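Notes follow once the structure below has been shown.
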Amino acid sequence: MTETTASLLAFPAREDDRLRLALRNLVAALEAQRIAVAALRGELSDLASSMQGLDTSLATYRAELDTTAATLHTAGDEARRLERTAEDWLSATRV
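Residue numbers (numbering that gives the first Met the number 0): 0 to 94.
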């Protein structure tokens, strides 16, 4: 046979005992809420810091892409110039 133990809950006997208990529970809930809000603010601060870091990284990436694009544009121009020079040499040797 399984033995079961039951615990009894004490109910406040007087009206002001119930009010005191309700106020204690309210204070505990407000304290828990204060802690949760403080944790949320901390997480939001961490998120803002991460977003700032991401923004900085993206700005650096954009700048690198702009530099690469300019370098590629210059290299393309130079390749076309060399191609024209080679074509001029070839046409000069065919004459």
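The C-beta atom is built at its ideal place from N, Cα and C for all residues, glycine as well.
Computed from a predicted structure; not experimentally measured.
{"query": "Helix, strand or coil at THR55 [DSSP, three-state]", "result": "helix"}
{"query": "Cα-Cα separation between SER44 and THR67, rounded to whole angstroms", "result": "35 Å"}
{"query": "Rounded straight-line distance, which links the Cα of TRP88 to that of THR73", "result": "23 Å"}
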